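Scroll down for the structure; my scribbles are underneath it.
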Amino acid sequence: MNYKYSRPFTCKLLDLAAEGAVDVNVVLAACLSYMSESEVEDMMRINDIIKGNIMNKKLQEQLLIIIDHILKTEITHYEECGEPENHIYAIALEAKVALAAET
Numbered sequence: 025m026n027y028k029y030s031r032p033f034t035c036k037l038l039d040l041a042a043e044g045a046v047d048v049n050v051v052l053a054a055c056l057s058y059m060s061e062s063e064v065e066d067m068m069r070i071n072d073i074i075k076g077n078i079m080n081k082k083l084q085e086q087l088l089i090i091i092d093h094i095l096k097t098e099i100t101h102y103e104e105c106g107e108p109e110n111h112i113y114a115i116a117l118e119a120k121v122a123l124a125a126e127t
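If you use this note's numbering, the sequence shown corresponds to residues 25 to 127, in order.
Below you can see the structure in the form of structure tokens.
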């Protein structure tokens, strides 16, 4: 398929960048500023720039602290009462494993 007719502006911009008539970094910044965050994420996934979920390292650390607290609380509850409470322990453990896999 010839994109020159179906995507004339895209082709023109690519040609200008290839010729050095426009700065590629300026074009990149303009495109990323114009796109929504979800569009940028979709573009990154489609082009295998990222895989899975990306998460701020600090947020990931905070979540792990919270999950560890939940796990300790559930262990204490189990030791005191002899029964797990609503599968919270299993859910928290799954979340911890999933977060650890992303690092």
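Positions of the beta carbon are idealized from the N, C-alpha and C atoms, including for glycine.
Note that this is a predicted model, so its numbers are computed, not measured.
Handout entry: Assumed close pair Q86, L123 - CB separation to whole angstroms, cut-off 8 Å
Key = As a position in the sequence shown, residue 86 is number 62, starting the count at 1. As a position in the sequence shown, residue 123 is number 99, starting the count at 1. In this structure Q86 does not touch L123 by the C-beta definition: roughly 11 Å separates them, more than the 8 Å allowed.
Exercise for the section: From the DSSP output, in three-state form, read off D39 for me. Expected result: Numbered from 1 along the sequence shown, position 15 holds the residue referred to as residue 39. Three-state result, D39: helix.
Exercise for the section: Could you give the DSSP three-state label for A53: helix, strand or coil? Expected result: Position 29 of the sequence shown holds residue 53. Three-state result, A53: helix.
Handout entry: Exposed unless 16 or more other CB atoms sit within 10 angstroms - verdict on I91
Key = Taking the sequence shown and counting its residues from 1, the one referred to as residue 91 is at position 67. Buried is the call here.
Practice task
Specify, as a first and last residue, the run of the alpha helix (DSSP H) that I70 falls within.
Solution key: Indexing the sequence shown from 1 puts residue 70 at position 46. Unbroken alpha helix (DSSP H) run through I70: 61-70.
Problem - Residue burial classification, E98 (beta-carbon count within 10 angstroms, cutoff 16) - result: Translated into the one-based positions of the sequence shown, residue 98 becomes position 74. Buried.
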